[in-house]
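Since the structure comes first, as structure tokens, the remarks are kept for the end.
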């Protein structure tokens, strides 16, 4: 029995070392299991099992004849620490089934006296009492052995609990590691959630951009069509511009021809008014107002004198013809002559007014041309003046730069002259120092420094 108990204790220790049952699983599976302060509490069943194999609930009541009364084993009260209750099984207590079978076979039921059965009579009662006492003695021995075994088991359990409590520090380190890993995992989960949120936002933005692109695609096509139409309009405008430029050139040429024709007409008109043809058709038009007015005055005076002479001749001839005419006819002829004179005067005045108007237009055009050319000349002169001013400023800058360069060169020259003078002084001093030594050697004639270095008695 002790061997069975020791083997059971070793098995329990091995199972505890292997750790095949965790605290969490036990706490979930058995409601009576709890882990607190390194102690385990397992509830005991309230059902008592007898050594005869019948449970306590099926035990016949005591004092009933014809029934077997056996010996029952009650659960032992073990001095355990508070909060620790242990269920003792038959395997844990070392009670084997063979022992129970022997106990059942050795234990004889005690029959009440006077039953008249095979165990009846005084001898039967004595034999039954001796067997019962022997069974009780054996039971007491077994109980004592079980108590000692229970104490050993308590000691082993206490040692195992002490070991578990001593290993709680390692569990604290592992708990810290688990907490760190849990924190890292939670942070990774949060990062993953953030990344998922960012990806969802990016996808939503991409979908928005896609929808916007699809919505703006027809507008883009319309704008492209408008651009193409504008390009066509620009090309047509360029062609029309080229045509207009050609027309403008042709109109300018026509205007030049018209101006030349107008100048020729004016020259011919002036020639007719002066009573002579111009020898130089391409001669320039006189633009002096006094000359033109004097020319017109002389022209009209000559014309009036000629008309007067013609009229006088005509009147003289008419008077000779009208000697034989009646007074009415003479009046008619006089009126005709006056009408012709007035018509000639009107025509002369109209021609004079037209010539004055033409002269005025020519003077205005010449004045506008003169103003235009004057403005052009002023602009050219202003540009020339600006160019000359720029060149003058550049020349002044170059002169200042040359002056600065000359000053630097002059300062360098003076410094070099001073350095050369210093070097000459140093060389003269060195030569004066080494002159007695060099006087022993042959010295060429004419050297003033060697002559001055010779002693006076030589």
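In UniProt numbering, the protein residues as written are 1 to 458.
C-beta: ideal position from N, C-alpha, C; glycine also.
Straight-line CA distance for residue 293 to residue 303? Position 293 of the chain shown, counted from the first residue, corresponds to residue 293. Position 303 of the chain shown, counted from the first residue, corresponds to residue 303. Residue 293 and residue 303 have their alpha carbons spaced roughly 15 Å apart.
Contact belief for residue 296 with residue 365 at Cβ below 8 Å, rounded distance in angstroms: Residue numbering aside, residue 296 sits at position 296 when the chain shown is read from its first letter. Residue numbering aside, residue 365 sits at position 365 when the chain shown is read from its first letter. That belief does not hold up - the Cβ atoms of residue 296 and residue 365 are roughly 19 Å apart, past 8 Å.
Under 7 Å Cβ to Cβ from residue 385, same chain only, skipping five residues before and after it: list those, please. Translated into the one-based positions of the chain shown, residue 385 becomes position 385. Within the same chain, residue 385 has no close Cβ partners at all.
Is it buried or exposed for residue 150, if we count other Cβ within 10 angstroms and need 16 for buried? As a first step, residue 150 must be located in the chain shown, where it is residue number 150. Buried.
Hey, how far is the Cα of residue 252 from the Cα of residue 262? Within the chain shown, residue 252 is the residue found at index 252, counting from 1. Within the chain shown, residue 262 is the residue found at index 262, counting from 1. In a straight line, the C-alpha of residue 252 is about 15 Å away from that of residue 262.
I think residue 307 touches residue 344, with their Cβ atoms under 8 Å apart; what is that distance to the nearest whole Å? If you number the chain shown from 1, residue 307 lands on position 307. If you number the chain shown from 1, residue 344 lands on position 344. Yes, residue 307 and residue 344 are in contact; Cβ-Cβ is about 6 Å, under 8 Å.
Applying the criterion that 16 or more other CB atoms from any shown protein chain within 10 Å of the CB defines a buried residue, is residue 399 buried or exposed? Within the chain shown, numbered from 1, the residue matching residue 399 stands at position 399. Exposed, by the Cβ-count rule.
Report yes if the C-beta distance between residue 311 and residue 351 is below 9 Å; otherwise report no. Reading the chain shown from its first residue, position 311 is the one you call residue 311. Reading the chain shown from its first residue, position 351 is the one you call residue 351. In this structure, residue 351 does not lie closer than 9 Å to residue 311 by Cβ.
CB contact flag (residue 255, residue 358, <9 Å): By 1-based counting over the chain shown, the position of residue 255 is 255. By 1-based counting over the chain shown, the position of residue 358 is 358. In this structure, residue 255 keeps its C-beta atom at 9 Å or more from the C-beta atom of residue 358.
Quick check on residue 157: buried or exposed, where buried means 16 or more other Cβ atoms within 10 Å of its Cβ? For the purposes of this step, residue 157 is taken as residue 157 along the chain shown, with counting starting at 1. With 16 or more other Cβ atoms within 10 Å, it is buried.
Below 6 Å CB to CB, which residues in the same chain sit around residue 283 once its five sequence neighbours on both sides are set aside? As a working note, residue 283 is residue 283 in the chain shown. Residue placement at residue 283 is poorly supported in this model, since its pLDDT is 43, which falls under 50; the coordinates are not used for a value here.
Buried or exposed: residue 244, going by 16 or more other Cβ atoms within 10 Å of its Cβ? For the purposes of this step, residue 244 is taken as residue 244 along the chain shown, with counting starting at 1. The residue in question, residue 244, is exposed, as its Cβ has fewer than 16 Cβ neighbours within 10 Å.
Does the beta-carbon of residue 136 have 16 or more other beta-carbons within 10 angstroms, so that it is buried, or is it exposed? For this step, residue 136 is matched to residue 136 along the chain shown. The residue is exposed, with fewer than 16 neighbouring Cβ atoms inside 10 Å.
Counted within 10 angstroms of its Cβ, other Cβ atoms place residue 190 as buried (16 or more) or exposed: Counting from one through the chain shown, the residue named residue 190 turns up at place 190. With fewer than 16 Cβ atoms within 10 Å of its Cβ, residue 190 is classed as exposed.
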